[in-house]
DNA sequence: TCTGGGGTCCTAGGACCC
DNA sequence: TCTGGGGTCCTAGGACCC
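What follows is the structure, encoded as structure tokens:
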């Protein structure tokens, strides 16, 4: 544990709304609500003027409109917020090389990494004041609130205590008593569900939490959550500030104005989402192995279907094809209000032309185009029955299973001979093949035409 | 006037392998 | 014919955050 309050948490005040007020002077001093402005929109950020009327983040825009009809309702302009955020983060990086952004409007700054040591509360007060001034100038007038302490938890909670435009430095050694009177929900990670469970055990404040022993806490909320909660509550939080955390998933989703039931329309929307996901993967120089399709039903129940490929891809056609199959497997009767497509199990993307010729030959993953699988077929591709297309020409499926299909080529020579195994993206191939090679050839004549 | 979009992390069960 | 653990990978769902 540190002995000086060298971790800052910087939080921009009502960020999206403040940017809109900065750019449109007529909105200054007036209630502004930024978020989804459609029928099913929710509030991202309300200006402080709008908060007086009870408008809050995550509230439906419909409710916000009834509470504050005279506010300005604006859709989000993420490109503008991103640019402003970068200017603000640059000010923090000028102060310390170790900055951990949590979102567009929040970051931790580690002053110890800037070579500053033995900082007093007054030192940190002064540093925070200077940083706020630098942020104000760099952002065109935005204010920030800053919290500081010996840990991330303390800094984060402190930044919330004097909003907007405040600075709170928690003196070293006072952390446990600082936390004790607060509700358990001040701890990030304790939401309604956890608060409810803790409350049934008689725990409402962090002080109550401090009285519990770790075993008891783990019984209440599970092992990972319990032990981390125990450490946080007792102010023994030694989590490091980490500057670049790697992306774990990329996804696109959309809530429709009215529930959709038309499979063809949903398939077309899914295709477009798959292409947008692929585009973002390429921009980030990433590729992924797991495709996930998310659906939200009319009654708000949410389902995901996912399929993991044998190798990573950023190919929009591959992602779209897998997404389409996953969507076909999803129940959409009664209509769905949301569709999403995402990619995870991400790996660093390697640009194709960086491969040398020999590396190409040894590339572990080769994909083949598989025929459309008939709706009623329960398992993957049928050996001796299905024809696939590859860079070596067309061939018969010889065997399949576990993300792989073995293909026998009649007309093309492949580097490995007439039989070659490919990785495929078909989720059904994770199940064993229905028939073994050589059997079930009675439809061979029907398939002949497909070979041309 | 119901409930966004982008994420992260955790859990639990089943398949599979040794 | 019955019966092991342990580890890893995958899938689905849920809690939570901004």
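In the numbering used here, the protein residues as written are 2 to 453. Think of the CB as a built atom: it goes at the ideal place given N, C-alpha and C, for glycine as much as any other residue.
Looking at C-alpha atoms only, which residue of 79, 56, 26 and 50 is the closest neighbour of residue 17? Here residue 17 refers to the residue found at position 16 when the first chain is read from its first residue. Checking every option, the nearest Cα to that of residue 17 belongs to 79.
To the nearest angstrom, how far is the alpha carbon of residue 1 from that of residue 90? This structure gives no information on residue 1, because the portion of the chain shown stretches from 2 to 453.
Close Cβ partners of residue 97 (< 7 Å) along its chain, the five nearest in sequence each way excluded: Here the question's residue 97 lines up with position 96 in the first chain. Excluding positions up to five away in sequence, the list reads 110, 111, 112, 114 and 115.
Just to confirm the assignment, what range does the beta strand (DSSP E) spanning residue 54 have? Translated into the one-based positions of the first chain, residue 54 becomes position 53. Note, residue 54: premise wrong, no beta strand (DSSP E); not H, not E.
Measure how close the beta-carbons of residue 100 and residue 170 come, nearest whole angstrom, since I'm counting them as under 8 Å. Within the first chain, numbered from 1, the residue matching residue 100 stands at position 99. Within the first chain, numbered from 1, the residue matching residue 170 stands at position 169. That belief does not hold up - the Cβ atoms of residue 100 and residue 170 are roughly 18 Å apart, past 8 Å.
Taking the DSSP output, what are the residues bridged to residue 126? The residue labelled residue 126 in the question sits at position 125 within the first chain. The partner list for residue 126 (beta bridge, DSSP) is empty, contrary to what the question assumes.
Between which two residues does the beta strand (DSSP E) carrying residue 254 extend? What you label residue 254 is simply residue 253 of the first chain in a count that begins at 1. That run of the beta strand (DSSP E) goes 250-261.
Meets three-Cβ-pair contact criterion under 8 Å: the stretch 199-208 and the stretch 175-188: yes
Under three-state DSSP, which class holds residue 8? Here residue 8 corresponds to residue number 7 of the first chain, with the count starting at 1. Three-state result, residue 8: strand.
I'd like the span of the alpha helix (DSSP H) that includes residue 179, first residue to last. One-based indexing of the first chain puts residue 179 at position 178. Per DSSP, residue 179 belongs to the alpha helix (DSSP H) from 176-180.
Name the DSSP beta bridge partners of residue 304, please? Mapped onto the first chain, residue 304 falls at position 303. Looking at the DSSP assignment, residue 304 forms a beta bridge with 296.
Going by DSSP, which residues form a beta bridge with residue 169? For the purposes of this step, residue 169 is taken as residue 168 along the first chain, with counting starting at 1. Looking at the DSSP assignment, residue 169 forms a beta bridge with 148.
Report the three-state DSSP secondary structure of residue 29 (helix, strand or coil). The residue you call residue 29 lines up with position 28 of the first chain. In this structure, residue 29 counts as coil in the three-state DSSP scheme.
Can you tell me which residues form a DSSP beta bridge with residue 74? The count along the first chain starts at 1 and reaches residue 74 at position 73. Note: residue 74 sits in a beta bridge opposite 34.
Residue 118 by DSSP, collapsed to three states: which one? Sequence index remark: in the first chain, residue 118 carries index 117 (1-based). Reduced to three states, the DSSP call for residue 118 is coil.
According to DSSP, is residue 285 helix, strand or coil? Counting from 1 along the first chain, the entry for residue 285 is found at position 284. Residue 285: coil per DSSP, three-state reduction.
Do you know how far the Cα of residue 323 is from the Cα of residue 331? For the purposes of this step, residue 331 is taken as the residue at position 330 of the first chain. For the purposes of this step, residue 323 is taken as the residue at position 322 of the first chain. Each residue's Cα considered, the two are about 13 Å apart.
Report all residues from its chain with a CB closer than 7 Å to the CB of residue 105; omit the five preceding and five following residues, and keep chain order. Counting from 1 along the first chain, the entry for residue 105 is found at position 104. The answer, listed in chain order, is 16, 82, 83 and 86.
From the DSSP output, read off the bridge partner residues of residue 201. Numbered from 1 along the first chain, position 200 holds the residue referred to as residue 201. When beta bridges are read from the DSSP output, residue 201 appears opposite no residue.
Pick out whichever of 288, 51 and 340 has its Cα sitting closest to the Cα of residue 28. If you number the first chain from 1, residue 28 lands on position 27. Among 288, 51 and 340, the Cα nearest to that of residue 28 is on 51.
Short check: CB of residue 292 to CB of residue 306, under 7 Å? Translated into positions along the first chain, residue 292 becomes position 291. Translated into positions along the first chain, residue 306 becomes position 305. No, the pair does not count as a contact, with Cβ atoms beyond the cut-off.
Can you pull the DSSP bridge partners for residue 111? Numbered from 1 along the first chain, position 110 holds the residue referred to as residue 111. Note: residue 111 sits in a beta bridge opposite 8.
Helix, strand or coil for residue 217, going by three-state DSSP, please let me know. If you number the first chain from 1, residue 217 lands on position 216. Three-state DSSP puts residue 217 in a helix.
Does the count of Cβ pairs from the stretch 151-162 and the stretch 23-39 closer than 8 Å reach three? no
Could you give the DSSP three-state label for residue 336: helix, strand or coil? Sequence index remark: in the first chain, residue 336 carries index 335 (1-based). Of the three classes helix, strand and coil, the one that applies to residue 336 here is coil, per DSSP.
The alpha helix (DSSP H) enclosing residue 102, as first and last residue numbers: As a working mapping, residue 102 is identified with position 101 in the first chain. Careful: residue 102 lies outside any alpha helix (DSSP H), inside the beta strand (DSSP E) at 100-104.
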